[in-house]
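Residue numbers (the numbering used here), protein chains in the order written: chain A, 1 to 112; chain B, 1 to 113.
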């Protein structure tokens, strides 16, 4: 079962624009993580945000977490063609045993 | 951090046969996890493998189809039994700690013909 639901499912933007992806989840969490996956490649961990944090930055990435709404967003600023990939949120929780569940993902296409 | 060695990296199997995937971690970990990623899809958690106890399976996955072993704190296996073409996927093992990122093996790309 997937806890995280992401939107949009697909996003196409021009290079230089910002890309925002959203993730909603259902149960209480310990942390939320964002991963990137290029086509046919492995997962790359981007950011982990703990349940008591509201915002984190890493380079061109900005992640927010609203536990009251059970939602998170990933913002990529000044996007590049190399950012073209699938992005997944993953929620780690101790509900029913410790585990991490992945969302369905957002496919981002950045046009040069 | 953790380094995970997973093998085989890929295999092509006949339907009706079974394949065992091995996952070796370079440090002792309490919990290991097995995921499946079907083509074009996200990762779906199959089960949690705890040392010293039976694996805990997610909804839609059963032990008869995906038996798991966890003989010690650094090793686990996942068997995909009685395979059909629908089992063609990438299978990944992972380890994670409390409030740390998940670390993944390289994945096993399984094709069932």
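From the three backbone atoms N, C-alpha and C, an ideal C-beta is built for every residue, glycine too.
- The Cβ-Cβ distance between residue 78/B and residue 12/B does not fall below 8 Å.
- A direct Cα-to-Cα measurement between residue 38/B and residue 112/B gives close to 13 Å.
- Taking all protein chains in view, the Cβ of residue 98/B is surrounded by fewer than 16 other Cβ atoms within 10 Å, so the residue is classified as exposed.
- Interface criterion not met: the Cβ of residue 106/A is under 8 Å from no Cβ in chain B.
- At a cut-off of 8 Å, the C-beta of residue 57/A has no neighbouring C-beta in chain B.
- The stretch 46-85 of chain B contains, as complete beta strand (DSSP E) runs of 3+ residues, the segments 68-72, 75-80 (chain order).
- The beta-carbon of residue 42/B is placed less than 8 Å from the nearest beta-carbon of chain A.
- Counting only the Cα atoms, residue 44/A lies some 15 Å from residue 59/A.
- Assigned with DSSP and collapsed to three states, residue 2/B falls in coil, not helix or strand.
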